[in-house]
Each structure stands twice: as structure tokens, then as C-alpha cells.
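A.B. asks:
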Amino acid sequence: MKLLEGKNVIITGASRGIGKGIAEIFADQGANVAFTYSSSEGPALELEKELTSKGVKAKAYKSNAASFEEAEALIAQVLEEFEGIDVLINNAGITKDNLLMRMSESDFDAVIEINLKSIFNMTKAVQRTMLKQRKGSIINMSSVVGVKGNAGQANYAASKAGMIGFTKSVALELGSRNIRCNAIAPGFIETEMTAQLDEKVVQGWRDAIPLKRGGTPEDVANACLFLASDLSAYVTGQVLNVDGGMLT
Ligand code: NAP
1 MKLLEGKNVI
11 ITGASRGIGK
21 GIAEIFADQG
31 ANVAFTYSSS
41 EGPALELEKE
51 LTSKGVKAKA
61 YKSNAASFEE
71 AEALIAQVLE
81 EFEGIDVLIN
91 NAGITKDNLL
101 MRMSESDFDA
111 VIEINLKSIF
121 NMTKAVQRTM
131 LKQRKGSIIN
141 MSSVVGVKGN
151 AGQANYAASK
161 AGMIGFTKSV
171 ALELGSRNIR
181 CNAIAPGFIE
191 TEMTAQLDEK
201 VVQGWRDAIP
211 LKRGGTPEDV
221 ANACLFLASD
231 LSAYVTGQVL
241 NVDGGMLT
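According to UniProt numbering, the sequence shown is numbered sequentially starting from 1.
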């Protein structure tokens, strides 16, 4: 029996990287997958095809996670095409790194809007459906940086720490309706987001990680699979580090 057979899932930012890895593993486990992208239309349509070929329903939607109105419209559209929403994964995110001294107001605002405000938008939009169903799992993609901070990432760290507070509050509010809300805190995961970094610096990070390698989208996707499935039926309000032991 597949772990997500017949479940309807929505993932933000799945045109590449971690989101794409989640979409693929979820489809392998029988989930119907609605997912969003911001500008990568080609890769998103390719992924839609790939997922559909696995025998599940899949659809790509262009939607800006930072927009409250677009999130409302997106969920209305998804509900017309999928029967309910069992799992929401708030994965879309960006970085705009700089030392605080050089960080512009617009770079601070953009990161907070796309990484943090987006999870308010999406959670508000799916809440009604999950309340009616009396079940649901919400997973927010935070970061180890939200737990420990990072020089040059004050905006990103603030957004990711905010996600953790939001996650715990939603878990408290919606637990009595059988709606669970958890966060994942990935460490260093090798995707396009981290591909621009200097290779020497990156090798230093790999060496400092107890498991001696960077993570893969699949490593994070498997943790999402646990939190999305009934295997975690008694787990809510938690932050699961997927970091090769980085924070140990
Ligand atoms: P990525 O490769 O840069 O992919 C980001 C995804 O988010 C893309 O699908 C992108 O769509 C989408 N996106 C960006 N802005 C959006 C918006 N305004 N509305 C909707 N979608 C938007 O990043 P990643 O490494 O897979 O990271 C995914 C998540 O994990 C992020 O929240 C990130 O902060 C978190 N994370 C990553 C790491 C890491 O080491 N990689 C570590 C900890 C946490 P387009 O392709 O259309 O631009």
C-alpha cells in the first residue's frame, strides 16, 4: 500500500529543487499533486507531465506565494480540479543575502513576503477546506538558519524563525480538528539555491557536517513524506531538522 494513495497535495514552489523532489516522491506514493511556480513555466510543465506519467493527477499553477489574492484564487481553482486538499506544503522561498549594513529595505521585505507572509496566505486559504474535512497536514519549509541565525542572512533567518512560531501556533489552534502543522528545518541541501556558492566554502561545510555530505532534495522529501502521511498521525507542532547532524 502506498503511503499517500489518493491524497490530494498542494506544494508551493515545485518547479525545481526541494519542491520538485517532494512532488516526485509524493507521486510515487500515490498522491495527486497540485503545485506552483513563479516564473519557470517550462520546467513546471515538464514536471506536470512526469508526474502524470506516474498515474496520478498533477497540475502546475503559476501563482505568486507572496500574494494573498493569488493564494485565494489558486486554492479555489485547485478545489475545482482536485477533490479536497489533504496536505499543504509551504515550500516556496528565496534568499537575498547581504550583511545588515548593506541590506536594502526592499531585499528585507521581499524575503519576508515570499518566505513568511506566503505561509499565512496559503494556510488561510486551505484552512476552511481542512476544517470541513476534519483532517489535514500542513508542512512549512523552515531552515536551520531560522533556528541558529546566519551572518549575511538576517532577512532569511527572520523569515524562517517566523515560520516556526507560525507553525507552533497553528498546531495549537487546529489540533482539536485533527489538522496537524509541522516544520522542517533543512540544513545545507544541494539545489540551485545553493549552487551559486563558492565550491571551496561549500566543501568546508560538507566537511563540518557529521554525515559528511550536503543533503539532497530526496532527503527532505522523505521527511515530508513522513509528516504528510498517517505514519505521523500523533506528531504536531514540531520542527524536524534534516541537516545531516549540523545542529547537533
Ligand atoms: P530553489 O531551488 O531556489 O527553488 C525555489 C522554488 O520556489 C522554485 O520552484 C521557485 O519557482 C519557487 N518560488 C520562488 N519564489 C516564488 C514565489 N514568489 N511564488 C511561488 N513560488 C516561488 O530553492 P530550494 O533550495 O529548493 O529551497 C526550497 C525551500 O527550502 C525554500 O523555502 C528554502 O528557503 C528552503 N531551504 C533550502 C535549503 C537549501 O540548502 N537549499 C536549506 C534550508 C531551507 P521558479 O522556479 O518559478 O522561480
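Don't be surprised by glycine CBs; every beta carbon is placed ideally from N, CA and C.
Note that the structure is predicted; figures quoted are calculated from it, not measured.
According to DSSP, is S38 part of a helix, a strand, or is it coil?
C.D. replies: coil
A.B. asks: On the CB-based measure, 16 or more other CB atoms within 10 Å of its CB, does D219 come out buried or exposed?
C.D. replies: buried
A.B. asks: Can you tell me whether A160 sits near the ligand NAP, meaning its C-beta is under 8 Å from at least one heavy atom of the ligand?
C.D. replies: What sits at residue 160 in the sequence shown is Lys, not Ala. The answer is yes for K160.
A.B. asks: Which one or two residues does DSSP pair with Q203 in a beta bridge?
C.D. replies: According to DSSP, Q203 bridges with nothing at all.
A.B. asks: Around the C-beta of P186, are 16 or more other C-beta atoms found within 10 angstroms, so that it is buried, or is it exposed?
C.D. replies: buried
A.B. asks: Please name the residue, chosen from E173, G245 and S15, that lies closest to G42 on a Cα-to-Cα basis.
C.D. replies: S15
A.B. asks: Just to confirm before moving on: does the CB-CB distance between N121 and G13 stay below 9 Å?
C.D. replies: no
A.B. asks: Buried or exposed: where does Y234 fall if 16 or more other Cβ atoms within 10 Å of its Cβ makes it buried?
C.D. replies: Y234 should be labelled exposed.
A.B. asks: Please state the DSSP three-state secondary structure of M1.
C.D. replies: coil
A.B. asks: Could you tell me which residues DSSP puts in a beta bridge with Y61?
C.D. replies: T36
A.B. asks: State the start and end residues of the unbroken alpha helix (DSSP H) segment that holds S106.
C.D. replies: E105 to V111
A.B. asks: In its own chain, which residues sit with a C-beta less than 6 Å from the C-beta of A125, not counting the 5 before and 5 after it?
C.D. replies: A71, E72 and I75
A.B. asks: Just checking, does the segment 192-205 make contact with the segment 135-146 on the three C-beta pairs under 8 Å criterion?
C.D. replies: no
A.B. asks: Let me know if V242 comes out buried or exposed under the rule of 16 or more other beta-carbons within 10 Å of its beta-carbon.
C.D. replies: buried
A.B. asks: Can you look up M193 in the DSSP assignment and give me helix, strand or coil?
C.D. replies: Helix.
A.B. asks: Going by DSSP, which residues form a beta bridge with V87?
C.D. replies: V9 and S137
A.B. asks: Can you give the beta carbon distance from L240 to A223, rounded, assuming they're within the 8 Å contact cut?
C.D. replies: With a contact defined as Cβ atoms closer than 8 Å, L240 and A223 qualify at about 6 Å.
A.B. asks: Enumerate in chain order the residues of its own chain whose CB-to-CB distance from W205 is below 6 Å, with the five nearest sequence positions on each side excluded.
C.D. replies: F188
A.B. asks: What separation, rounded to the nearest whole angstrom, lies between the Cα atoms of A208 and M246?
C.D. replies: 8 Å
A.B. asks: Along the chain, which unbroken stretches of the beta strand (DSSP E) at least 3 residues long are found entirely within the segment 137-164?
C.D. replies: You should have found no qualifying run.
A.B. asks: How big is the Cα-Cα spacing for T36 and Q127?
C.D. replies: Approximately 18 Å, taken between the alpha carbons.
A.B. asks: For G55, which residues in the same chain have their Cβ closer than 7 Å to its Cβ, ignoring the five residues on either side in sequence?
C.D. replies: none
A.B. asks: Please confirm whether any heavy atom of the ligand NAP lies closer than 8 Å to the CB of A58.
C.D. replies: no
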